[in-house]
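Residue numbers (the working numbering): 6 to 629.
For every residue, glycine included, the Cβ atom is placed at its ideal position computed from N, Cα and C.
Worksheet for the structure shown next.
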Amino acid sequence: MLNDFINKIKNTKKYSLAILAVAVASGVILALILDVWLLGTAAAVLHGVPEWLKGFSYFATDAQEEAAKHAFDGMNWYWRHPLATALAWLTKPASQLNNPEVRTIWLFENLLLVFGGLAVRLRNSWDKGNQDLNNDIRKIRFKRVNYNVEKETERTPAGQVLLGCDDRRQPVRIPWAEMTEHMHILGGSGTGKTSLMVVPICVQAIRAGLPVVVVDFKGDKQAIQLLAKEAKKTGKKFYLFSLHPDIKSNTYNPIESGNVLSKVERVLTALDLVYDGAAKFYTYSQQATFIPLLEYFINRDVICTLRDIWNILADAELMKEIIGQKVDAGHIKGLWAALTPYARLEQINKPKSDISLAGVLKKGDVVYFDLRSSVAPKLAAGLGKMIALDLQAQAAFRTQADRIALIAIDEFQTMACEAFRDIIQKFRSANYALVLANQALGDIRNIGMGFADTIGTNTKTKIIFSVDDPVDVENYIKKSGSVPIRRESESRSRSGRYAGNMGNITEGKSTHLEEKGMIHPNQLLMLPFGKTVMYRRGEMAKFLNHAHLISKADKDQLEQAPYPEPAMVKKQSRGALTAKQIIDDLKRQIVESGKQEQKNGEGHARQQPGKVENAGIELEDISM
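Take a look at the structure:
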């Protein structure tokens, strides 16, 4: 602050020296008056203590007892008249002062402060020079900072988000606009990634009126309860989609929104049916079948589901009726088989679904996808990919003028795939604030070469909880930067020693610079619960402290409470027919026209997906 004031004065140029001199003189005078006011009063107290103690002695005379009663009378004068006292102490000799001993005590107090300050400074310098000893993993210590998250959140200015408090108990906030450069939260299981970071950020987003989409692969009940409660307070709808069979769930159709190509890519990517090399032929074959199927329903203004597509793929005659050409079942049986578990899931096979991500982003509502992978790991991962690709499709209709939408993905490694490289790069331009949380970098390194680097490059803010993986520790130590440390070494050698002669002694001293990391590896390994290291592009790494939004008793109460009711959605008619009705009508027409008897001269009405026919030139036309 003082440097800023001096720089402002220098910028005025004219009369700058005079103004600076007046400012310095005023500061010195004020400091002197303050010093006399506080330390002078303290000196008067110290001066009266001996007289006061004499009055309590067993051998005290009457005069001493009387003097003890007035031992501190002079204190009031020094407290009420600091300016007159300072002027007298600076201009008058001791013989003209009423109590010259008080001035002497005051001088000793100032000397004690000066030498004490120098001693503290020397001690701090010694501590810095011996920092290696402080970083001994057996002796390492961290500052404990406790604060009220709710109060600090209430004090946070509009347009900013609270991340935590530093070791000086100062709140650390960043603008919501910078959250669109994304955040990566890393930490082992049980370190508090969800309760200390993900949930507080989501709560603040809801209070700011931002749309929130949470994809959770753990099924955190406390997070669901807290966000539902916050959405209710702010008058927002809370949609809950859950894979758990005992939890009441809203419905979501993953192929309801977007154009034909985005839907096809969404499904094939989520089902891991996008191949490379020679196997790419099967990807093209599946696309060539999938695209006309979707177009058939879109042209009739009918929304279909994955179950509808699965039913059509299981019937060769029905496919031929819709597409207009025969398809070799051997080239699409992988798609049919991959869709089988999704076709059995009721929550995603309602054409008029409750959850529309486009509507959520527009209205600023909250949707929580409880994709607990313990129920069905592969299915949960596939659904997570479809949701991310659905959001990517919505990004095509969003600009940076739209309000920010918070997208939080907990246990991100469950759904990470190569397609996410493009997703994370495109989300920023759509004003998405992406928060990714996972346990270790090794989880996402396995996705593909350079995938972890892509995530690191596209996330400006990184919050690191306690890390166990030495590779991760080394990576973030390098990100912390280093400072040059001057090291001195001494050497002593003896040469030419023989009987009667001590020989020549050579002594040497050398100095060299050594690079030392701002954060020691042991600090990352030993981070206590609630303590993190924050890395932000263009800033120095710093320690953050976090606290829970609710108490332990409230958490236990939430665990016992039932799950919140999902949002009630008023169904609107989107067409006279459903895809199921159209499929049933087509099957009836096939039976009535007798096409099943005309197929290759046989009486088969259906071709099973596992039986492969030679479709000849017709298949080549479709697949290419």
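Check: Whose C-beta lies closer than 8 Å to the C-beta of residue 629 among residues of the same chain, with five residues either side of it excluded?; Outcome: Any reading at residue 629 must be qualified, since the residue scores a pLDDT of 32, below 50, and its modelled position is unreliable; no value is offered.
Check: Quick check: what's the CA-CA separation for residue 199 versus residue 592?; Outcome: 50 Å
Check: Could you pull out every residue in the same chain whose Cβ sits closer than 6 Å to the Cβ of residue 84, ignoring the five residues on either side in sequence?; Outcome: 46
Check: Rounded to a whole number of angstroms, what is the C-alpha to C-alpha distance between residue 600 and residue 338?; Outcome: The pLDDT assigned to residue 600 is 48, lower than 50, so where the model puts this residue is not dependable, and the model offers no usable value.
Check: Residue 26: buried (16+ other C-beta within 10 angstroms of its C-beta) or exposed?; Outcome: exposed
Check: Could I get the ranges of all uninterrupted beta strand (DSSP E) runs contained in the region 325-405, with 3 residues as the minimum, in chain order?; Outcome: 371-375
Check: Measuring alpha carbon to alpha carbon, tell me which residue in 221, 546, 541 and 573 is nearest residue 412.; Outcome: 221
Check: Secondary structure at residue 23, three-state DSSP: helix, strand or coil?; Outcome: helix
Check: Could you spell out where the beta strand (DSSP E) holding residue 189 opens and where it closes?; Outcome: 188-191
Check: If you count every other CB in all the chains shown that lies within 10 Å of the CB of residue 54, and 16 or more means buried, which is it?; Outcome: exposed
Check: At the level of alpha carbons, what is the spacing between residue 572 and residue 205?; Outcome: 22 Å
Check: Can you give me the start and stop residues for the beta strand (DSSP E) that residue 240 sits inside?; Outcome: Here residue 240 belongs to no beta strand (DSSP E), and DSSP marks it neither H nor E.
Check: Tell me the DSSP secondary structure of residue 411 in three-state form.; Outcome: strand
Check: At which residues does the beta strand (DSSP E) containing residue 442 begin and terminate?; Outcome: 437-443
Check: Please report the distance separating the alpha-carbon of residue 309 from that of residue 353.; Outcome: 11 Å
Check: Leaving out five residues on either side along the sequence, give the residues of the same chain with a beta carbon under 7 Å from the beta carbon of residue 59.; Outcome: 65, 69 and 73
Check: Assuming residue 197 is part of the beta strand (DSSP E), what are its boundary residues?; Outcome: It is not in any beta strand (DSSP E) - residue 197 carries neither H nor E in the DSSP assignment.
Check: Report buried or exposed for residue 121, applying the criterion of at least 16 other Cβ atoms within 10 angstroms of its Cβ.; Outcome: exposed
Check: Report the rounded CA-to-CA distance for residue 218 versus residue 182, giving the unit in angstroms.; Outcome: 17 Å
Check: Look up residue 308 in the DSSP assignment and say whether it is helix, strand or coil.; Outcome: coil
Check: Decide if residue 127 is buried, meaning its Cβ has at least 16 other Cβ atoms within 10 Å, or exposed.; Outcome: exposed
Check: Provide the residue span of the alpha helix (DSSP H) that contains residue 276, from first to last.; Outcome: Run containing residue 276: none; DSSP gives neither H nor E here.
Check: What are the residues that DSSP puts in a beta bridge with residue 497?; Outcome: 512
Check: Measure from the alpha carbon of residue 256 to the alpha carbon of each residue in 400, 342, 323 and 374, then state which is nearest.; Outcome: 374
Check: Does the beta-carbon of residue 427 have 16 or more other beta-carbons within 10 angstroms, so that it is buried, or is it exposed?; Outcome: exposed
Check: With H, G and I counted as helix, E and B as strand and the rest as coil, what does DSSP make of residue 539?; Outcome: strand
Check: Taking all protein chains shown into account, decide if residue 558 is buried (16 or more other Cβ within 10 angstroms of its Cβ) or exposed.; Outcome: exposed
Check: Does DSSP classify residue 583 as helix, strand or coil?; Outcome: coil
Check: In chain order, what residues of the same chain have a beta carbon less than 7 Å from the beta carbon of residue 316, not counting five sequence neighbours either side?; Outcome: 588
Check: Return the Cβ separation of residue 523 and residue 488 in integer angstroms, given the expectation that the two are a contact with Cβ distance under 8 Å.; Outcome: 6 Å
Check: Pull up the distance between the alpha-carbon of residue 229 and that of residue 254, whole angstroms please.; Outcome: 12 Å
Check: Quick check: the region 558-567 against the region 237-244, are at least 3 beta-carbon pairs closer than 8 Å?; Outcome: no
Check: If you drop the 5 nearest sequence neighbours on each side, which residues of the same chain put their C-beta closer than 7 Å to that of residue 52?; Outcome: 104, 106, 107 and 110
Check: Would the beta-carbon of residue 49 fall within 8 Å of that of residue 79?; Outcome: yes
Check: Can you name the start and end residues of the beta strand (DSSP E) that residue 102 belongs to?; Outcome: Neither: residue 102 is in no beta strand (DSSP E) and is coded neither H nor E.
Check: Nearest by alpha-carbon distance to residue 213: which of 529, 161 and 442 is it?; Outcome: 161
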